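If you're matching positions, the sequence shown starts at 545 in the numbering used here and goes up one per residue.
We put the beta carbon where it would ideally sit given N, CA and C, even for glycine.
Treat the numbers as computed from the prediction; the structure is a model and nothing was measured.
Okay, so here's the structure we're looking at.
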Amino acid sequence: MLEDKIDGNEVDQWREISGTLQQKSMECSIKSKSSLRARYSYGIIFLITNLIAWFVRDYGERALPLLRYSKACGIGGSECSHTMGVLRVSLGCFIFFLVMFLTTCFTSKLCEVRNGWHSGLWILKFVMLITVMVIPFFIPSDYIQLYGEFTRVGAGVFLVLQLISVIEFITWWNNYWMPDGRKKQSCSLGLFMSTICYIASICGILVMYVASKTSCSLNIFFISWTAILLVVMMVVSLHSKVNRGLLSSGIMASYVVFLCWSAIRRLLMED
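Now the structure itself:
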């Protein structure tokens, strides 16, 4: 009888331990999904701030008459539109993500309180975002111009991080869509997308050549090197020792053409 009671107690203990582990596993799974959704949310916030910067640059002076009443915006609100408007929106975005970085850095466990701040409390963060986006429009233009000098370095760092993210995304996309003999995948979708990317890249280069025929030789130099890079990436991808298909090089070619167009567009507008 005593042995039966001991065995029964052990079984109950194991059931309790098993139930506790399952509950913790479910809580970790929920927190992990919440943390993953937070990444997409921050990406959406970054996209929205970019759209706001575009709107302020092109339409802020006409669509936002309240800016004229701010001393920091100068006469007619000219200091809060165009390039200065973009810098003010950029400063607000920088402050928001800097605060998030400083309050969540070195967070290594999902159960930490700071992870809850990272993945939740979106209403509070939305209020904070609006506040830090409005504050730069009351800062004198001299400080905004000083911030603009620092953004030159930050833009270079951001471009490097962007390239790393794009390369990782291209690698994932190429592995997912290109054929695999073990999984017997079809390459039709990857071949279709690579064809679209190369056609878009070639069309983009032709358009830039036509738009820059009366421009300076520096633009022609960058466009020519972009075309050479496109050919080099295609040849390397088709080499027998690489043999990774045309999808990854096609996407990268489209991205390089986009960067080239972004670089020369302002010069073309000035000409």
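Buried or exposed for residue i, going by 16 or more other Cβ atoms inside 10 Å?
i: ALA616; result: buried
i: GLU693; result: exposed
i: VAL630; result: buried
i: SER798; result: buried
i: TYR687; result: exposed
i: ARG809; result: exposed
i: GLU623; result: buried
i: VAL600; result: buried
i: CYS760; result: exposed
i: SER738; result: buried
i: GLY734; result: buried
i: ILE749; result: buried
How about residue i and residue j: do their beta carbons lie closer than 8 Å?
i: ALA582; j: SER634; result: no
i: VAL801; j: THR770; result: yes
i: HIS662; j: THR648; result: yes
i: ASN718; j: LEU782; result: no
i: PRO680; j: ARG606; result: no
i: CYS618; j: SER709; result: This sequence places Gly at residue 618; Cys is not what is there. Not in contact: GLY618 and SER709 (Cβ atoms no closer than 8 Å).
i: ILE714; j: MET796; result: yes
i: CYS741; j: GLY700; result: no
i: ILE767; j: CYS804; result: yes
i: VAL697; j: ILE639; result: no
i: LEU703; j: SER745; result: no
i: THR593; j: CYS637; result: yes
Any heavy atom of the ligand COA closer than 7 Å to the Cβ of residue i?
i: MET644; result: In the structure shown, the ligand COA is absent, as is every other ligand, since no ligand is present at all.
With contact counted as at least three CB pairs below 8 Å, one residue from each stretch, are the region 606-616 and the region 668-679 in contact? These segments do not touch.
Along the chain, which unbroken stretches of the alpha helix (DSSP H) at least 4 residues long are found entirely within the region 661-738? Listed in chain order, the complete alpha helix (DSSP H) runs (minimum 4 residues) inside the region 661-738 are 666-678 and 685-721.
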